[in-house]
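Here's the structure, in structure tokens; my notes come after.
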Amino acid sequence: MSNPHNAKFISFASPKGGVGKSTTCLAIAGALLAAGKRVRIIDFDQTETINRWYGDSDTAQAIPNLTVEKGPTDNLKDYFDHLWETATDYVLIDLAGSLSDVTIAIASFATLTITPAKVSEPDIIEANKMADKMHRLAARIGKPINHVILLNEVPSSISNDELALITQIDQSNLRRFKTLIHRRSAFSKTFSRGTLPHLAPQQDPKALAEIDAIMLEVGSILEPARQKAAA
Ligand SMILES: Nc1ncnc2c1ncn2[C@@H]1O[C@H](COP(=O)(O)OP(=O)(O)OP(=O)(O)O)[C@@H](O)[C@H]1O
Ligand SMILES: [Mg+2]
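Under the working numbering, the first residue of the sequence shown carries the number 154, and numbering increases by one thereafter.
Spelled out as structure tokens, the structure:
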């Protein structure tokens with residue numbers, strides 16, 4: 154499959170529902186758009202959270218350099234073969250909350266897959282299942298994968314149990330973003346406002362700083378060689 158525009162392909166995946174896949178997909182889209190990038194979002198979730206967000210909001214549809222579409226349910230190969238024909242910088246894929254073969258294949262194929270998780274045992278168990286399936290597929294097809302956990306909706310004060318869980322994650326094989334995304338209304342209002350945290354008329358600097366810090370980490374994951382060369 155050729156990728157003439159060298160687009161980066163980031164998927165958002167977890168079998169667990171409600172962990173923030175769609176929310177963080179949109180927050181990252183906003184940061185990329187604010188940085189002048191072209192973003193194409195593909196909504197592969199049958200709930201169509203992002204596709205509806207876009208379709209229902211004139212504000213969202215007026216955002217320059219952003220396109221949103223629903224992913225197909227069949228003929229996936231043709232779809233992915235032609236995905237790169239439109240010039241774009243980033244393809245963001247919001248995946249269904251499942252461990253289906255299609256979900257795992259798309260997640261493993263992405264340049265980077267982000268699994269949001271709350272600091273809670275059930276979310277981390279599901280993140281581990283995702284990582285496990287992706288690594289198995291990657292081993293079978295001989296393709297390296299980039300899979301990173303994003304701790305999301307972190308409360309402003311962390312309990313000892315939550316700290317212990319973070320330590321446990323850090324001692325496991327799961328890779329995580331060092332930046333934590335806290336529970337903030339700037340993120341939860343994305344859907345009702347029809348705009349993105351970075352493009353909202355009233356911005357929350359703390360929310361933007363968190364996403365900007367994630368983007369720095371994303372940059373070093375996607376382009377480690379270039380960053381080392383520039384150093
Ligand atoms: N950092 C955050 N701060 C505040 N609210 C958040 C945050 N992240 C997510 N939420 C809220 O949590 C809910 C679930 O988020 P979201 O829909 O993004 O999860 P999801 O993983 O995409 O769910 P699904 O599996 O149903 O697709 C939403 O109401 C969203 O506004
Ligand atoms: Mg969703």
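Glycine included, every Cβ here is placed at the ideal spot set by N, Cα and C.
Burial state of residue i, where buried means 16 or more other Cβ atoms lie within 10 Å
i	result
G183	buried
R293	exposed
N228	exposed
D198	buried
P168	buried
H235	exposed
I278	exposed
S175	buried
A263	buried
Sequence-distant residues of the same chain with beta carbon closer than 7 Å to residue i, five excluded per side
i	result
Q214	Y207
N281	L327
V172	P269, A270, K271, D276, N305
T256	A166, L248, A249
E370	F330, K331, T332
Distance CB(residue i)-CB(residue j) smaller than 9 Å
i	j	result
P350	A180	yes
R346	S309	no
M283	L316	no
I216	T348	yes
I374	V301	yes
T320	I163	no
Residue i - partner residues in DSSP beta bridges
i	result
S164	I246, T266
K223	D196
V301	I267
H288	Paired residues: none, contrary to the question.
R329	I302
A307	Before going further, note that residue 307 is Val rather than Ala in the sequence given. Answer by DSSP bridge pairing, in chain order: H335.
Proximal residues to residue i (C-beta, below 6 Å), its chain only, five neighbours per side dropped
i	result
C178	F165, L245, D247
S261	M287, L290, A291, I298
A339	P350, D357, A360
L318	V272
G170	G250
A366	T332
Neighbourhood of residue i by C-beta distance below 8 Å, restricted to the same chain and skipping five residues each side
i	result
D411	Examination of residue 411 is not possible in this model, given that the chain is present from 154 through 384 alone.
A188	M368
N204	D196, V221, E222, K223
I364	A180, I181, G183, A184, I334, P350, H351
E201	K223
P354	T348
D314	none
D323	R329
P225	Y232
D211	G347
E274	L318
S325	N281
Chain-ordered list of residues that sit, by beta carbon, closer than 5 Å to a heavy atom of ligand 2 = With 5 Å as the limit between CB and the heavy atoms of ligand 2, the residues that fall short of it are K174, S175, T202.
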